[in-house]
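Quick note on numbering: the numbering used here labels position 75 of the sequence shown as 67, and the sequence is numbered without any gaps.
What follows is a short report on a single structure.
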Amino acid sequence: MGARGIDRRSFLAGTAALPLGAALASFPLRPASAAAGSRHGLSVFGDLSYPADFPHFGYVNPEAPRGGRFLFQVPNWAFNQDPQTFDTLNSFVLFGSAPPRMEICFDSLMVRALDEPDALYGLLAESVEVSEDGTTYLFRLRPGARFSDGSPLTAEDVAFTYNLLKAEGHPNLAEVLREMENAEAIDSTLVELRFSGRQSLSAPLDAAAFPILSQVDIQRRDAFKGSTLEPLLGSGPYRVGAFEVGRFIEYERAPDYWAADHPVNVGRNNFDVIRLDFFRERTVAFEAFKKGLIQFREEFTSKTWATEYDFPAVADGRVLKAEFPSEKRPSMQGWFINLRRPQFADPRTREALGHLFDFEWTNQNLFYGLYERRASFFGTSDYAAEGEPSAEEVALLEPFRADLPAAAFGPAVSPPVSDGSGRDRAMFRRASELLAEAGWVREGQMLKGPDGRPLTIEFMIDSQVFERIALPYVQNLKAVGIDASLRLVDPAQAQRRRDTFDFDIISAAFSMPATPVESLDAFFHSRLAAREGSYNLWGVAHPAVDALIERGSKVESREELVTVCRALDRVLRALHIWIPNWYGSVHRVAHWDLFGWPETKPDYGFPVETTWWFDPARAGADKG
């Protein structure tokens, strides 16, 4: 089951999961890039796998042919993008719904290597120099860089872009630049990004992966003041082709792309056309796939994967099913509780809700046993807390002992395990006890608070597929006296209500970068609890959480970051701000047998649309 999230809402196609937020602490930027002289790449802790003269990334096929069309459904998206509809072609602002993958039309100063945790290598930037105190980054642009209309891309465009995104960009872009004091063109090929010294460890690196816009184009039509259906001028490997609002969009490979043979692009961007069709419901999209109108589909519905891939094209080999390993990045999925709502103020109320979701019954009866339960906010990574806290974790938590639940200092909090009956009496009993302790009193069939108001909860969903999962949970909540209900809303309304935090509980899935310094701030810092469009959907605002995020921005090694994240994980789990859901350990993929793909999947991304290719031999083979 997917939801708008960083993994399902991220720039995996070319930049991995884009960074989020900016932490508070002041520090000298150390291993990330403080070495003297110009560099061809950057990484948070100074490790680069590829030398300056590398020919291509190791996870691509440098001999991949170019051509063909790729018709697919996106498994992830970012910022204001929406996989169900669109009404604007500006993907870098808060308002409107934009089509996913708009980012492939834009180049960036540097490009992430998806087989390294946090390394970037120059694209628009030929080199970068970093001041010894880590506050100033000087990028030298590569000769020949140009926009798709043939006009040169200059340092003035780069400086304009960063200043614009900080002032008017989507909150999750602007937040990364919060501590950027200025972006300035020194001359036509040199641009300087200057930070305050309070920026997080990875903010400058994350910023280097941002899309670069044309100053002339943006100013000509004031493109950041409202929705637009005129494509922004880009410099990337693709351009916007044919589209019909809310129905489909095609990205056409630019035949004269200036950096087609650059090492970061060799073996990538192989399709002539990448087409996205938009469907309001999964069943309609699945029928389109069965007919070949969609060629690639990552399946997030376990029932469909287990029982519905039995149509003729699968039987005769025209459609292939495959599983690819998931990324080695922290991720989370769950029912997110909106702490801004007064009925959720007491953590015992929130804990009680967790006892009423029967994952074991859901997995066996609705998911065909295909999923596992995730307890951590940093699942499937070394950052997840386990067992008792280490001495180093306790040292980080100790100053806040009076403000934290005792559970933060014990074994990492995990969701209860039911007997699988769907109506586990012990879990119901414990939930009722917690609700009574929180001050809720049963009056007839309803729980009421001291003010006489009933305990009401509305689950907001944007797809009917969630109904069969949420309805049994709603029935369990009603059984203990909670006035629970489901609200199915259309995509545009769902996005607006998420952006403005107008919900009680929603389901969401997110994935963070492998070095999640910026993500700590974006998801959990109190500063973003009231900022519309932020990823702090919970509304978490806790001094211990803020302090741990600040500490995370000061780490000097990955080992230190692991310790900070584990301590933070313990705090968040002890606060019961969510009900953990489920996860799959693999990408479940079905595709028409038309494509080739690299032998090696990178550990930190699954950019199918930019690394696979159309295979004429497969397309012409007789499979019937």
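Ideal Cβ positions, reconstructed from N, Cα and C, are used throughout, including at glycine.
Note that the C-beta distance between W570 and W327 is below 9 Å. Separation of A559 and A377 (C-alpha to C-alpha, rounded to the nearest whole angstrom) is 7 Å.
For M419, the enclosing alpha helix (DSSP H) stretches over residues R417 to E429. Between the region 534 to 547 and the region 373 to 387 there are fewer than three C-beta pairs closer than 8 Å, too few to call the two in contact. A direct Cα-Cα distance of roughly 7 Å separates L86 from F71. DSSP links W353 through a beta bridge to no other residue. Cβ neighbours of E450 within its own chain (closer than 6 Å, five residues either side excluded): S477, R479 and D496. Counting along the chain, V509 sits inside the alpha helix (DSSP H) bounded by residues V509 to F516.
Residue state for L480 is assigned as strand, using DSSP reduced to three classes. Here the C-alpha atom of A506 lies approximately 13 Å from the C-alpha atom of L197. Comparing C-alpha distances from S577 to each of P590, F292 and V276 shows the shortest one belongs to F292.
Looking at the backbone, the Cα of D595 and that of F316 are separated by about 11 Å. Only residues of its own chain outside the window of five on either side were considered, and among them T372, S577, V578 and H579 have a CB closer than 7 Å to the CB of S318, listed in chain order. In the DSSP assignment, N174 falls outside any alpha helix (DSSP H) and within the unbroken beta strand (DSSP E) covering M172 to A177. DSSP, reduced to helix, strand and coil, places Y243 within a strand of the structure shown. If you check the CB distance, I210 and L221 do not come in under 9 Å. Taking the CA atoms as reference points, T128 sits about 14 Å from Y154.
A Cβ-Cβ distance of about 6 Å is found for the pair T181 and A147, placing them in contact under the 8 Å criterion. Distance from the Cα of G259 is smallest, within the candidate group W589, R610 and E279, for W589.
A Cβ-Cβ distance of about 7 Å is found for the pair F263 and E601, placing them in contact under the 8 Å criterion. Straight-line spacing of the CA atoms in R267 and V66 works out to 10 Å. N164 is classed as buried because its beta carbon has at least 16 other beta carbons within 10 Å across all chains shown. Comparing alpha carbon positions, the residue from E171, A105 and D395 closest to L564 is D395. Counting every other CB atom within 10 Å of its CB across the protein chains shown gives Q437 a total below 16, marking it as exposed. Taking a C-beta distance under 9 Å as the contact criterion, F270 and Q76 qualify as a contact pair. For G233, the three-state secondary structure derived from DSSP is strand.
Contact check for I96 and G228: beta-carbon distance about 6 Å, within the 8 Å limit, so the pair qualifies.
Remark: C-beta atoms of A111 and D39 approach each other more closely than 9 Å. Under the three-state reduction of DSSP, W570 is assigned to strand. Taking a 10 Å sphere around the C-beta of G346, we find 16 or more other C-beta atoms and assign the residue as buried. When the beta-carbon positions are compared, P407 and F349 come within less than 9 Å of each other. Sequence-distant Cβ neighbours of A166 in its own chain, meaning closer than 7 Å and more than five residues away, are L157 and K158. Exclusion of the five residues before and after L145 leaves A137, R138, F139 and S227 as the residues of its chain whose Cβ lies within less than 6 Å of its Cβ. In this structure V509 is not in contact with V168, their Cβ atoms being roughly 11 Å apart against a cut-off of 8 Å. Between the C-alpha atoms of A387 and Q325 there is a straight-line separation of about 29 Å. For F187, the enclosing beta strand (DSSP E) starts and ends at L182 to F187.
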